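In my numbering, the protein residues as written are 14 to 217.
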């Protein structure tokens with residue numbers, strides 16, 4: 014089958030699903046170094062949204078690499094494809110009406126911009142988990158930095174591979190000296206606002 018034989022199949026209006034859920038979708042894209050606190054904050058935000066009555070889902074980078082992206086390595090090209098697939102999955106979940114929290118290092122500005130473009134008209138928050146490299150290394154929950162420093166892990170972001178700090182994040186969360194619940198509060202509040210249903214929306 015060639016590309017010329019592939020067509021977009023029309024589905025029911027996504028607004029019907031959103032109305033049934035009683036919420037609007039949104040995507041929060043958490044970026045930062047390994048050990049910055051992305052996964053922990055994503056989980057806290059997910060739990061906070063659930064407690065507030067929202068339907069949400071976390072796309073965690075490590076989890077994706079055990080399934081959807083298990084065939085990808087850590088070269089620059091593979092990282093780009095890793096981000097593209099995660100963004101496409103997030104968009105599908107958002108079309109279903111979910112608030113999606115994506116937790117990926119996503120080191121390159123261009124690919125973060127691609128993720129926003131894939132989101133289309135779905136509200137998209139680029140969230141920088143602003144944790145200094147020294148703090149990430151001190152935490153080193155997986156022992157990755159120690160191994161990267163002695164060359165046992167090639168292409169490790171922040172050590173032997175570049176991390177491009179977001180120039181204009183929609184939200185920057187500092188984790189140094191701040192508890193996880195405190196760090197998560199601004200993002201929970203932002204996603205609750207974005208996902209609030211519109212008064213005019215009623216399921217048919």
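Built from N, CA and C at the ideal position, the CB exists for glycine as well.
For clarity, every value in this text was computed on a predicted model and none was experimentally measured.
Distance CB(residue i)-CB(residue j) smaller than 7 angstroms
i: residue 43; j: residue 140; result: yes
i: residue 142; j: residue 61; result: no
i: residue 52; j: residue 119; result: no
i: residue 108; j: residue 211; result: no
i: residue 48; j: residue 153; result: yes
i: residue 77; j: residue 136; result: no
i: residue 85; j: residue 95; result: yes
i: residue 82; j: residue 92; result: no
i: residue 193; j: residue 65; result: no
i: residue 171; j: residue 146; result: yes
Nearest to residue i (by Cα), restricted to the options the options
i: residue 185; options: 30, 155, 35 and 54; result: 54
i: residue 189; options: 131, 106, 149 and 83; result: 149
i: residue 180; options: 100, 128, 35 and 121; result: 121
i: residue 201; options: 167, 40, 31 and 168; result: 40
i: residue 101; options: 34, 132, 196 and 76; result: 132
i: residue 110; options: 18, 36 and 197; result: 36
i: residue 129; options: 30, 183 and 187; result: 183
i: residue 134; options: 160, 90, 177 and 103; result: 103
Extent of the continuous beta strand (DSSP E) to which residue i belongs
i: residue 185; result: 184-187
i: residue 140; result: 137-143
Opening and closing residue of the alpha helix (DSSP H) in which residue i lies
i: residue 193; result: 193-207
i: residue 40; result: Residue 40 -> not in any alpha helix (DSSP H); beta strand (DSSP E) instead, spanning 39-44.
i: residue 211; result: Here residue 211 belongs to no alpha helix (DSSP H), and DSSP marks it neither H nor E.
i: residue 34; result: 27-34
message: Three or more C-beta pairs under 8 angstroms: does that hold for the stretch 103-114 against the stretch 69-76?
response: Yes: the two stretches touch, three or more of their Cβ pairs being nearer than 8 angstroms.
query: Can you list, in chain order, the stretches of the beta strand (DSSP E) that have 3 or more residues and sit fully within the stretch 89-163?
result: Within the stretch 89-163, the beta strand (DSSP E) runs of at least 3 residues that lie entirely inside it are, in chain order, 112-116 and 137-143.
- prompt: Which runs of the alpha helix (DSSP H) fall wholly inside the stretch 42-76 and span at least 4 residues, in chain order?
  reply: 51-64
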